[in-house]
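**Student:** I have a structure I would like to understand better, so I am pasting it below and will then ask my questions one at a time.
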Amino acid sequence: MLVAFSVAPSGSDSSGGVAKAVAEAVRVVRESGLPNETNAMFTLIEGEWDEVMAVVKKATEAVQASAPRVSLVLKADIRPGYTGQLKAKVDRVEEHLSDTP
């Protein structure tokens, strides 16, 4: 499965930012060893249901350690039997974009 999630404290620090708390969540994801990617809005992670959800939970707890209230947005693509989709889905779109009409 692929999961795109965003976790952040509901409030911000004195500068109005949430980057420090979000960095702790991203650290958890990267240390998980699962394929992942972080962009400006979401972190994507690929793996089996139980392992991905365990990482999302641990990342949420990492943010919760510095904030009394946390926001979590999660979107999942559940497609049993497929792996490597973090890159393959993008490759398929790029292939269509490179086609000349």
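Per our numbering, residue 30 is the first one in the sequence shown, and the count goes up by one each step. For each residue, glycine too, the CB sits at the ideal point set by N, CA and C.
So, at 8 Å on beta carbons, what are the nonlocal neighbours of V84 in its own chain, with the 5 sequence-adjacent residues on each side left out?
**Tutor:** Only V57, V58, S61, L63, I74 and G76 meet the Cβ criterion.
**Student:** Specify, as a first and last residue, the run of the beta strand (DSSP E) that D106 falls within.
**Tutor:** Its beta strand (DSSP E) spans residues V99 to D106.
**Student:** Can you tell me whether V102 is buried or exposed, with buried defined as 16 or more other CB within 10 angstroms of its CB?
**Tutor:** Exposed is the call here.
**Student:** Count the other CB atoms, across all protein chains shown, that sit within 10 Å of the CB of V122; report buried if there are 16 or more and exposed otherwise.
**Tutor:** Per the 10 Å Cβ criterion, exposed.
**Student:** Kindly list the residues whose CB is nearer than 6 Å to the CB of A91, restricted to its own chain and excluding five residues on each side of it in sequence; keep chain order.
**Tutor:** Closer than 6 Å at the Cβ level, and outside the excluded window around A91, lie E53, A54 and V57.
**Student:** Determine the contact status of V32 and A117, defining contact as a CB-CB distance below 7 Å.
**Tutor:** No, the Cβ-Cβ distance between V32 and A117 is not below 7 Å.
**Student:** Under 8 Å by Cβ, that's how I've got S39 and R108 pegged, so tell me the actual separation to the nearest angstrom.
**Tutor:** Not confirmed; about 32 Å, so no contact.
**Student:** Is the beta carbon of A50 closer than 7 Å to that of S95?
**Tutor:** Closer than 7 Å, so yes.
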